[in-house]
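Residue numbering for the sequence shown follows our numbering, starting at 489 and increasing by one per position. Working notes, beginning with the structure itself.
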Amino acid sequence: MDFHDLEPETLAIRAGIARSQFGEHSEALYLTSSFVFESAAQAARRFSGEEEGMVYARFSNPTVSAMQTRLAALEGAEACVATASGMAAIMSTCMAFLSAGDHVVVSQGVFGATQQLFATILPRFGIETSFVKATDIEAYRAAMRSNTKLVFIETPSNPLTEVVDIAAVADVAHAAGALLAVDNCFCSPALQQPLSLGADLVLHSATKYLDGQGRVLGGAVVGAKRLVDEVYKFIRTAGPSISPFNAWVILKGLETLSLRMQAQSQQALALATWLEKQPQVARVFYPGLSSHPQHELALRQQKTGGAIVSFEVHGGREAAWRVVDGTRMLSITANLGDTKTTITHPASTTHGRVAPEVRAAAGIQEGLLRVAVGLENVADIQADLKTGLVS
Ligand SMILES: Cc1ncc(COP(=O)(O)O)c(C=O)c1O
């Protein structure tokens, strides 16, 4: 089947199907760590790559292949390689393209563990990072050096939903001979396709919307085959591979991705609009609101504002924790992208390990809360938040 003729909703359901001899309708889960060969000669051919086929699940498994094919189709990419988690996708990309002496430019306000990776782990291996204001294109240009190999952005950012102009940053990166990698976790390919805007690689925490129901960890790197092959080589050797079971859950999650993203975005817009009217709320961060500083860009670059709404309450940490502790239904958890609405206090959880001055520079205040809007009735979500929103 030529995938180019199919719409994204169809690809999400049909791409990547490779039926076994049993003709199963739903995709099979190949829960096996290794594969058998017909002969010693075939084993040798498989290991050398002379013959295509499965070998060992650290680097080949039919269920994982199905997930990779489907996700590549949704991102409009040639290739995809899955990883054990979103962080494994980011780390594997760095290991594939960076060496000691190289430099990276990263947008400020990226996910806490990503910030830690670039700020504290990679420097031990001689890789330097400059963090720049996510929305300031001139800052990216000014930060580029002759040894800059990679520009890494997250858009919309976590938790402030800042929207980065992917096409503009791609131009800056390419003019300096660097690759642009985009963490597309918040939008998923259902709302945003960074490769079509000039990015070289798309990275995912599949743990979030791609699974969609908070069940498994997973990640992926998507892009041109020549680039994804480099990441694959690292994963094959170093082993941050996805389990077939997790790949299967994510593969099935992709089937409802578009519907979920549309519905959850609508709920998020309704919630953000309501929050803006609450006197205890100082500011709402949601790209779908006209008050959002990059609203126009978000409308151009994304299909909707997404399903993450962050807001700052008057009264700092105490007032924010009151809202969290006032909830009876919302899940107090750091995960996002679930059908169940979650609430997080970033300054003391996801971004708790980030130095306070770095957090403040990124705009993550003590009164900030992040709500990842799920599929419950939005009136119930509002009522649950209302309990702790007291003056
Ligand atoms: C934007 C973003 N990128 C990457 C990650 C890391 O993903 P994982 O938890 O699957 O390693 C997260 C996790 O919350 C995230 O929110």
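Cβ atoms here follow ideal geometry from the backbone N, Cα and C, with glycine treated the same way. Computed from a predicted model, the values in this text were never measured in an experiment.
ask   = When the Cα of Leu-648 is compared with those of Val-594, Leu-877 and Arg-847, which residue comes out closest?
value = The count along the sequence shown starts at 1 and reaches residue 648 at position 160. When each option's Cα is compared against that of Leu-648, the closest is Arg-847.
ask   = Among residues of its own chain, excluding the 5 on either side of Leu-519, which ones have a beta-carbon nearer than 7 Å to its beta-carbon?
value = What you label residue 519 is simply residue 31 of the sequence shown in a count that begins at 1. Correct list, in chain order: Pro-732 and Phe-733.
ask   = With distances taken between CB atoms, is the gap from Asp-826 to Gly-862 smaller than 8 Å?
value = Start at 1 with the first residue of the sequence shown, and residue 826 comes out as number 338. Start at 1 with the first residue of the sequence shown, and residue 862 comes out as number 374. Yes, the Cβ-Cβ distance between Asp-826 and Gly-862 is below 8 Å.
query = For ligand 1, is there a heavy atom less than 7 Å away from the beta-carbon of Gly-884?
reply = It is not possible to answer for residue 884, since the shown part of the chain is limited to 489 through 879.
inquiry  = I need the straight-line Cα distance from Tyr-628 to Ala-529, nearest angstrom please.
reply    = To locate residue 628, count along the sequence shown from 1; it is residue 140. To locate residue 529, count along the sequence shown from 1; it is residue 41. Rounded to whole angstroms, Tyr-628 to Ala-529 spans 52 Å at the Cα level.
key: Cβ-based neighbour list, Val-594, same chain, cut-off 7 Å, excluding 5 preceding and 5 following   = Taking the first residue of the sequence shown as position 1, residue 594 is located at position 106. Phe-606, Thr-617, Phe-619 and Phe-640.
inquiry  = Leu-685 and Thr-695 - do their beta-carbons sit closer together than 8 Å?
reply    = The sequence position of residue 695 within the sequence shown is 207, counting from 1. The sequence position of residue 685 within the sequence shown is 197, counting from 1. No, they are not a contact pair.
query = Below 8 Å between beta carbons: does that hold for Ile-615 and Leu-586?
reply = Counted from its first residue, the sequence shown places residue 615 at position 127. Counted from its first residue, the sequence shown places residue 586 at position 98. The answer is yes: Cβ separation under 8 Å.
query = From Val-657 to Glu-538, what does the alpha carbon distance come to, in whole angstroms?
reply = One-based indexing of the sequence shown puts residue 657 at position 169. One-based indexing of the sequence shown puts residue 538 at position 50. Roughly 39 Å separates the two Cα atoms.
request  = Would you mind stating whether Val-660 and Gln-782 have Cβ atoms separated by less than 8 Å?
outcome  = Position 172 of the sequence shown holds residue 660. Position 294 of the sequence shown holds residue 782. No. Outside cutoff.
query = Just reading off the beta strand (DSSP E) that Gly-803 is part of, what are its end residues?
reply = The residue you call residue 803 lines up with position 315 of the sequence shown. Taken as a continuous stretch (DSSP letters only), Gly-803 belongs to no beta strand (DSSP E), as it is neither H nor E.
message = I need the DSSP call for Ile-501, collapsed to helix, strand or coil.
response = If you number the sequence shown from 1, residue 501 lands on position 13. Three-state DSSP puts Ile-501 in a helix.
inquiry  = Judging by CA-CA distance, which residue of Arg-788, Gly-504 and Asn-865 is the nearest neighbour of Ala-758?
reply    = As a working note, residue 758 is residue 270 in the sequence shown. Taking only the C-alpha atoms, the option nearest Ala-758 is Asn-865.
ask   = What is the C-beta distance between Met-749 and Leu-679, in whole angstroms, given that I count them as a contact (C-beta under 8 Å)?
value = Sequence index remark: in the sequence shown, residue 749 carries index 261 (1-based). Sequence index remark: in the sequence shown, residue 679 carries index 191 (1-based). At roughly 5 Å, the Cβ-Cβ gap stays under 8 Å, so Met-749 and Leu-679 are in contact.
inquiry  = Quick check on the DSSP output: the beta strand (DSSP E) that includes Ala-860 runs from which residue to which?
reply    = On the sequence shown, residue 860 is found 372 positions in, with the first residue counted as 1. Run containing Ala-860: 856 to 860, per the beta strand (DSSP E) assignment.
inquiry  = Let me check you understand the geometry: is the CB of Asp-671 closer than 7 Å to at least one non-hydrogen atom of ligand 1?
reply    = Mapped onto the sequence shown, residue 671 falls at position 183. Yes - ligand 1 has a heavy atom lying nearer than 7 Å to the Cβ of Asp-671.
query = From Gln-596, Gly-511, Phe-535 and Ala-506, pick the residue whose C-alpha is nearest to that of Glu-845; which is it?
reply = Looking up residue 845 in the sequence shown gives position 357. Of the listed residues, the one whose Cα sits closest to Glu-845 is Gln-596.
ask   = Do the CB positions of Arg-788 and Gly-600 come within less than 8 Å of each other?
value = Locating residue 788 in the sequence shown gives position 300, where the first residue counts as 1. Locating residue 600 in the sequence shown gives position 112, where the first residue counts as 1. Result no, Cβ atoms of Arg-788 and Gly-600 do not sit closer than 8 Å.
message = Please classify Phe-674 as buried or exposed, where buried requires at least 16 other C-beta atoms within 10 Å of its C-beta.
response = As a first step, residue 674 is located in the sequence shown; it is residue number 186 there, counting from the start. Phe-674 should be labelled buried.
ask   = Who are the Cβ neighbours of Tyr-697 in its own chain at under 6 Å, not counting the five residues just before and after it?
value = Counting from one through the sequence shown, the residue named residue 697 turns up at place 209. Ser-676 and Gly-825, listed in sequence order.
key: Beta carbon of Ala-570 nearer than 8 Å to that of Gly-707   = Within the sequence shown, the letter at position 82 stands for residue 570. Within the sequence shown, the letter at position 219 stands for residue 707. A contact, by the Cβ cut-off of 8 Å.
key: Minimum C-alpha distance to Val-737 - residue among Leu-562, Ser-514, Glu-495 and Pro-775   = Counting from one through the sequence shown, the residue named residue 737 turns up at place 249. If we check each option's Cα against that of Val-737, Ser-514 comes out closest.
query = So Glu-616 is in the beta strand (DSSP E); what residue range does that whole segment cover?
reply = If you number the sequence shown from 1, residue 616 lands on position 128. 616 to 620 is the extent of the beta strand (DSSP E) around Glu-616.
key: Check: Asn-734 C-beta below 7 Å from any heavy atom of ligand 1   = One-based indexing of the sequence shown puts residue 734 at position 246. No, the Cβ of Asn-734 stays beyond 7 Å of every heavy atom of ligand 1.
message = Just to check my reading of the structure: Ala-516 and Thr-551 have Cβ atoms closer than 8 Å, yes? What is that Cβ distance to the nearest angstrom?
response = The residue labelled residue 516 in the question sits at position 28 within the sequence shown. The residue labelled residue 551 in the question sits at position 63 within the sequence shown. Sure, about 7 Å apart at Cβ, within 8 Å.
task = Look at the alpha carbon of Ala-760 and the alpha carbon of Gln-870, and state the distance between them as a whole number of angstroms.
result = The count along the sequence shown starts at 1 and reaches residue 760 at position 272. The count along the sequence shown starts at 1 and reaches residue 870 at position 382. Cα to Cα, the separation comes out at about 10 Å.
task = Rank Ala-786, Leu-763 and Gly-855 by C-alpha distance to the C-alpha of Asp-872 and give the top, closest one.
result = Sequence index remark: in the sequence shown, residue 872 carries index 384 (1-based). For the residues Ala-786, Leu-763 and Gly-855, the minimum Cα distance to Asp-872 belongs to Leu-763.
request  = May I ask you to report which of helix, strand or coil DSSP gives Ala-835?
outcome  = Looking up residue 835 in the sequence shown gives position 347. Note: Ala-835 maps to helix in three-state DSSP.
request  = Locate the beta strand (DSSP E) running through Arg-816, then write down its first and last residues.
outcome  = For this step, residue 816 is matched to residue 328 along the sequence shown. Neither: Arg-816 is in no beta strand (DSSP E) and is coded neither H nor E.
key: Any non-hydrogen atom of ligand 1 within 7 Å of Lys-696 CB   = The sequence position of residue 696 within the sequence shown is 208, counting from 1. Yes, the Cβ of Lys-696 comes within 7 Å of a heavy atom of ligand 1.
inquiry  = Given 7 Å as the limit, tell me if Ala-835 has its C-beta closer than that to any heavy atom belonging to ligand 1.
reply    = Locating residue 835 in the sequence shown gives position 347, counting from the first residue. Outside the cutoff, so no.
task = Return the first residue and the last residue of the beta strand (DSSP E) that Arg-771 is part of.
result = In the sequence shown, residue 771 corresponds to position 283, counting from 1. It spans 769 to 773 - the beta strand (DSSP E) in which Arg-771 sits, taken as one unbroken run.
request  = Find the nearest neighbour of Ala-567 within the set Val-690, Glu-495 and Leu-742, judged by alpha-carbon distance.
outcome  = Translated into positions along the sequence shown, residue 567 becomes position 79. Considering only alpha carbons, the answer is Val-690.
ask   = Would you say Gly-707 touches ligand 1, meaning its beta carbon is less than 7 Å from a heavy atom?
value = Working through the sequence shown from its first residue, we reach residue 707 at position 219. Under cutoff, so the answer is yes.
Exposed unless 16 or more other CB atoms sit within 10 angstroms - verdict on Ser-798 = Residue numbering aside, residue 798 sits at position 310 when the sequence shown is read from its first letter. Ser-798 comes out buried.
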